[in-house]
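Heads up, the thing below is written out as structure tokens.
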Amino acid sequence: MILGVHDLAVTRGGIAILDGVGFGLRAGEALILRGPNGIGKTTLLRTVAGLQPPRAGRMELPPEGAAYAGHADGLKATLSVTENLTFWARIYGQSDIAPALAAMELEALAGRPAQNLSAGQKRRLGLARLLVTGRRLWLLDEPTVSLDAASVGLFAKAVRRHLASGGAALMATHIDLGLDEARVLDLTPFRAKPAAPGQGGGFDDQFDGAFA
Amino acid sequence: MILGVHDLAVTRGGIAILDGVGFGLRAGEALILRGPNGIGKTTLLRTVAGLQPPRAGRMELPPEGAAYAGHADGLKATLSVTENLTFWARIYGQSDIAPALAAMELEALAGRPAQNLSAGQKRRLGLARLLVTGRRLWLLDEPTVSLDAASVGLFAKAVRRHLASGGAALMATHIDLGLDEARVLDLTPFRAKPAAPGQGGGFDDQFDGAFA
Amino acid sequence: MLALLLRDLRLATRAGGGFGLSLAFFLIVTVLVPFGVGPEGGILARIAPGILWVGALLSCLLSLDRIFALDREDGSLDLLATAPIPLEGVVAAKALAHWLTTGLPLTLGAPVLGVLLHLPGSGFAWLTLSLLLGTPALSVIGTFGAALTVGLKRGGLLLSLLVLPLYIPTLIFGAEAARRGSEGLATATPLLMLAGITAGAVAMLPFASAAAIRVNLR
Amino acid sequence: MLALLLRDLRLATRAGGGFGLSLAFFLIVTVLVPFGVGPEGGILARIAPGILWVGALLSCLLSLDRIFALDREDGSLDLLATAPIPLEGVVAAKALAHWLTTGLPLTLGAPVLGVLLHLPGSGFAWLTLSLLLGTPALSVIGTFGAALTVGLKRGGLLLSLLVLPLYIPTLIFGAEAARRGSEGLATATPLLMLAGITAGAVAMLPFASAAAIRVNLR
Amino acid sequence: MSIWEYANPKKFMQTSSWALPWVTGLAVVTLLTGLVWGFFFTPDDFRQGATVKIIYIHVPSAMMAINAWAMMLVTSLIWLIRRHHVSVLAAKAAAPIGMTMTLIALFTGAIWGQPMWGTWWAWDPRLTSFLILFLFYLGYIALWEAVDDPDTAADLTSVLCLVGSVFALLSRYAVLFWNQGLHQGASLSLDKEEHVADVFAWPLWISMAGFVLLFITLVLLRTRTEIRSRRLRALEARERMA
Amino acid sequence: MVELGKYAGTVLGAYGVTLALLLGLVWMTLRQGAKMRKRLEAQEKRMGRNG
Ligand code: HEM
Ligand SMILES: Nc1ncnc2c1ncn2[C@@H]1O[C@H](COP(=O)(O)OP(=O)(O)OP(=O)(O)O)[C@@H](O)[C@H]1O
Ligand SMILES: Nc1ncnc2c1ncn2[C@@H]1O[C@H](COP(=O)(O)OP(=O)(O)OP(=O)(O)O)[C@@H](O)[C@H]1O
Ligand SMILES: [Mg+2]
Ligand SMILES: [Mg+2]
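Residue numbers (our numbering), protein chains in the order written: chain A, 1 to 212; chain B, 1001 to 1212; chain C, 2001 to 2218; chain D, 3001 to 3218; chain E, 4001 to 4242; chain F, 5001 to 5051.
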């Protein structure tokens, strides 16, 4: 078991968004989060990544943590493709970026400053970063935004290779990634219900009756 | 004829990207631009919008200009949904924002500051802005990024209504918008070829032989 | 245009919008100077008009990058450039909004800070008048600098570098008027020059700024 | 961590990265003061150490928002926070990079600007020494302020407002040491205090900064 | 044949490569003549002593500092009006030279000021104007560095040069109003009283000519480098698209 | 040799600074020129003279 999530509740801006979310992810498995806009996919992924604390529930994560890729790609506009990728590789203690460049077909752009890439090329570079983290668990928030069909294919191939080598991936997306083997979890049923009066655990739920 | 584009060449960072692009758009028509990442869809749309000068060719635009919606939505994080929309309506000399809110199902979020919207909700607000411009020609760059299936449906409905009322739309996208009546133009064949030595019109093409 | 002005004023007065912060910065610069040069009243009184002008100028400077950079980042500037209002009007509305949220409060706040620096009694009126005449020029010139650097990531310091030499004539005449006023000398010439600079800058620079923005957007 | 330090230095020295610009700002503040207070050598000499310290402090201040804001905007900070290096280390590397690109150049540039303000000959060595001891504290304290405001759009002026009170002790002792030095008095006490502030800030503040960033990210 | 033909880089490269050896040679000869004559073979001034020898570098560099900016103004205008690429590249090429000239005038003036006025620096109007000019150069160069699309940078720096020139003039008057100053008046003027003696004037004229020629040489060299870098950019773009 | 008297330091300093700055400028100009020429030649060799 790489990731276990039990009865998790997440909040955004102090307000409960999702409640009672639970799932597990074994080596070689991928799970796709779905749900309408604003249901809380981004919030859930950030919580699992450890960027914000859960409101309730429990998570089991690999000891070394997960590799997170959000809406923004963490690229420096004035550094070249190679320099950007090398930096992240060194941060994660890796050294070889050539396979990542090859996997996302970025070799031809290697010397180009990131600011001169198109939207999709930037995104491909952002995904190449995942390959140099060496982490087993990937958390991806709408990874294929702006990608054309060929690049979505590259991405799917990279995910498959990652799964085959014993990794796992949790992804939020609205479109079809072409990863038929992945399980799908629709978050709609977990939408948080307003806490019953006096029942919620947080400070904000303890007011009922205070101003009688 | 709402938009006529003849033999257009566009540049990015001083470098020719597309060459000889031509198409026409009549009232009630929609055209979808396709092509791999980095082919120049964004650049073409910005050129048609008048944000950058074409390198060559001719465009016929409606006298009042076009409504452009790019990757960024032009939202102010601290203003509410209503305030954001009212501002753009006033800039375009319109006053009624209620239909736009309704078309994008934003009524429930009307008082919420834009910073507290999810990625898809922001995008919906960005598209609602188009409805308050009163312009006949829409130029849309990846309009459905981050939208869920239901919102893509809303968007398609809004475009159809716009076309039915005599408008036209030019859109760049990688995914299926469910607008089957729209024509599709693949930009791949228009990729600019390096100017033949000494033939190009720009300063950068006049060098050949300069260093003999 | 009015819509734009009102929106900018509303944004500035919202939380995090920066209204009052440049006034606060002015306060802090004025407070730091006595810590730096020591507390003797005589010297402070002597340098007060100059320091207040320099402080007002710096606070103005620091708020310049808000003029266009935010609109550029969230795409509003692209949309404004394709909207049915002339870009010169956009620029003028932005400069006016900047003056209303920065220059005017600084002008009104300066006399209060003058007390901290032992500004002589006769100097208050002249200080206020010179700031009132001079700060519009600071806003308009600053808008030009902001327009030049709008395409650059965090152009803040470059912006300062470009704008400061342009500010020098305004500073010289403004501080000179305030200093002469506080020493009881004639102030007509520097005040006239100041008014001339402001009038000229307001009349001409919006065109240069709009041109710079057009270049930066393409 | 070393990778981060090197990246930040590289980013700073790239075009538009802001290296040298804070030095330029220092130069400009120093130049503006005579325009404000008038050209008389005696007065300038008297206020020179204080103005130079205030100028160095302000230039330092203006470059603070680059420390984290850019990384926040492009998502790097989220990624660094989930990376296998302690956030305290990230903060320390950032503060060091800031000092190397700001505090150190300011220290080296100050004597040259001293000439413009007629700093007395005996003052140069003490000015440099006090800046050398004091600027690391400015960088570390500034990093803390930047960490507190990292979540805010254009928090620049708010950042100044938060950091300036924290800068005051450093400024007082630094300027005092420089002033006494230029007047030929004993400087040991303020210099010792300055060294103490720097040592304390370097030892403690990175923890507070890392905590602030964690809070701001969630 | 009009000067607009030099908008073609090929034409400019050919002509400049033909002219360069001549201009360079002439520059070296005049500069050496002027400076050697001035340094070794002129008498001391009765009031200023040997320091008067500084005039042979101070005045020409001060003059070139202003002339370089004037040239940048003209070439920038030509770019804005006629889209003459070589013209704006020449403006870009001239800026670091003008800035160096400004620095030389400032440093030699400061060194001269030490014995003459007893201070390295005084807020004299002419000195102050030069300091401001230095800031303008700095801003202009920094803007070129910061923008990476060459035509965008050309447009922005040209607008800055235009607006900056107006404000530079304005500063000059402001500074004169602000402080009357210690500095020498123009000593090569026709006014008899102020006229420097002929023994000093000849080498001064020659080294001024030398500075002008040196400026032309350097502008040509640097413009050629700028044109090459545009060429390299264009080739790299072609390679990328191929 | 010329006699500079008590102003030797001043005059030599001024000439020294000037020479240093001028030589620095000339050296930078030539070095940048040579570097650009080399890069351009390498690129032209790689691509053929006209791309
Ligand atoms: C740092 C400071 C200085 C600067 C920026 C400066 C600037 C200038 C300029 C621009 C000129 C040319 C004026 C013209 O030809 O119209 C000039 C000329 C001259 N300067 Fe300076 N100067 C400085 C310091 C000094 C000092 C300290 C002295 C000596 C006492 C001095 C003596 C002269 C003389 C003798 C001339 C030639 C007279 C003339 O042609 O105007 N300068 N200086
Ligand atoms: N400043 C620049 N200088 C040089 N080339 C650039 C610059 N900016 C972008 N490019 C290049 O211009 C080309 C066109 O980019 P554009 O953004 O128009 O592509 P796009 O079709 O919108 O791609 P996507 O689908 O990925 O958004 C890309 O190959 C990109 O790498
Ligand atoms: N600061 C905030 N305060 C209160 N509510 C917020 C805040 N930020 C976001 N929200 C709300 O939290 C909910 C969850 O947002 P989240 O970004 O996680 O959605 P999402 O599932 O990723 O949506 P999308 O598919 O549109 O990206 C949304 O309804 C949003 O409006
Ligand atoms: Mg989301
Ligand atoms: Mg695009």
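Ideal placement from N, C-alpha and C gives every residue a C-beta, glycine not left out. Keep in mind that this is a model prediction, so the values were computed, not measured.
Query	Result
Closer than 7 Å: residue 2141(C) CB and nearest ligand 2 heavy atom	no
Minimum Cβ-Cβ distance from residue 3179(D) to chain I less than 8 Å	Checking the listed chains, one finds no chain I in this structure; the protein chains it contains are A, B, C, D, E and F.
Residue(s) in a DSSP beta bridge with residue 142(A)	Residue 142(A) is not bridged to any residue.
Residue-level contact to chain D via CB, residue 2160(C), 8 Å cutoff	yes
Neighbour flag for residue 4236(E) against chain F, beta carbons, 8 Å	yes
Cα-Cα separation between residue 1094(B) and residue 1135(B), rounded to whole angstroms	11 Å
Within the stretch 4112–4153 of chain E, ranges of the alpha helix (DSSP H) (whole runs, at least 4 residues)	4125–4146
Neighbour flag for residue 3953(E) against chain D, beta carbons, 8 Å	Residue 3953(E) falls outside the range modelled here, since chain E spans only 4001 to 4242, and no answer is possible.
Residue 119(A): CB within 7 Å of a non-hydrogen atom of ligand 5	yes
Which listed residue (1097(B), 1148(B), 1061(B)) has its alpha carbon closest to that of residue 1122(B)	1148(B)
Residue 186(A) (DSSP reduced to helix, strand or coil)	strand
CB contact below 8 Å: residue 2013(C) versus chain D	no
Range of the contiguous beta strand (DSSP E) that encloses residue 3109(D)	Counting along the chain, residue 3109(D) falls outside any beta strand (DSSP E), though it belongs to the alpha helix (DSSP H) covering 3104–3116.
Under 8 Å from the C-beta of residue 4117(E): neighbouring residues of chain D	Those within 8 Å of residue 4117(E) in chain D number zero; the least Cβ separation is about 10 Å.
Through-space distance from residue 3205(D) to residue 3141(D), alpha-carbon basis	7 Å
Range of the contiguous beta strand (DSSP E) that encloses residue 1011(B)	1003–1012
CB contact below 8 Å: residue 4138(E) versus chain D	yes
First and last residue of the uninterrupted beta strand (DSSP E) at residue 2167(C)	Segment 2156–2182 is the alpha helix (DSSP H) holding residue 2167(C); no beta strand (DSSP E) there.
Candidates 4100(E), 4121(E), 4104(E), 4015(E), of which the one nearest residue 3040(D) by Cα	4121(E)
Span of the alpha helix (DSSP H), counted from its first residue to its last, around residue 2068(C)	First-last for residue 2068(C): undefined, no H or E at that position.
Amino acids of chain C, ordered along the chain, whose beta-carbon sits closer than 7 Å to that of residue 3046(D)	2043
Candidates 3146(D), 3130(D), 3187(D), of which the one nearest residue 3212(D) by Cα	3146(D)
Beta-ladder partner(s) of residue 1068(B), from DSSP	1139(B)
Start-to-end residues for the beta strand (DSSP E) that takes in residue 1060(B)	1056–1060
Coil, strand or helix - residue 1204(B) by DSSP	helix
Cβ contact check for the stretch 2176–2184 of chain C and the stretch 4122–4138 of chain E: 3 or more pairs under 8 Å	no
As assigned by DSSP and simplified to three states, the class of residue 1171(B)	strand
Residue 1148(B) Cβ short of 7 Å to ligand 4 heavy atom set	no
Ligand 4 heavy atom lying under 7 Å from the CB of residue 1011(B)	no
Continuous alpha helix (DSSP H) stretch holding residue 3132(D): start and end	3123–3148
9 Å Cβ cut-off: residues of chain D touching residue 4112(E)	What residue 4112(E) touches in chain D: nothing, since even the nearest Cβ is about 14 Å away.
Distance cut-off 7 Å: residue 1144(B) Cβ against heavy atoms of ligand 5	no
Three-pair Cβ contact test at 8 Å for the stretch 4127–4134 of chain E versus the stretch 4088–4107 of chain E	yes
Per DSSP, cross-strand counterpart(s) of residue 1080(B)	1113(B)
Reduced DSSP secondary structure (H/G/I, E/B, other) of residue 1132(B)	coil
Proximity test, Cβ basis, 8 Å: residue 4178(E) and chain C	yes
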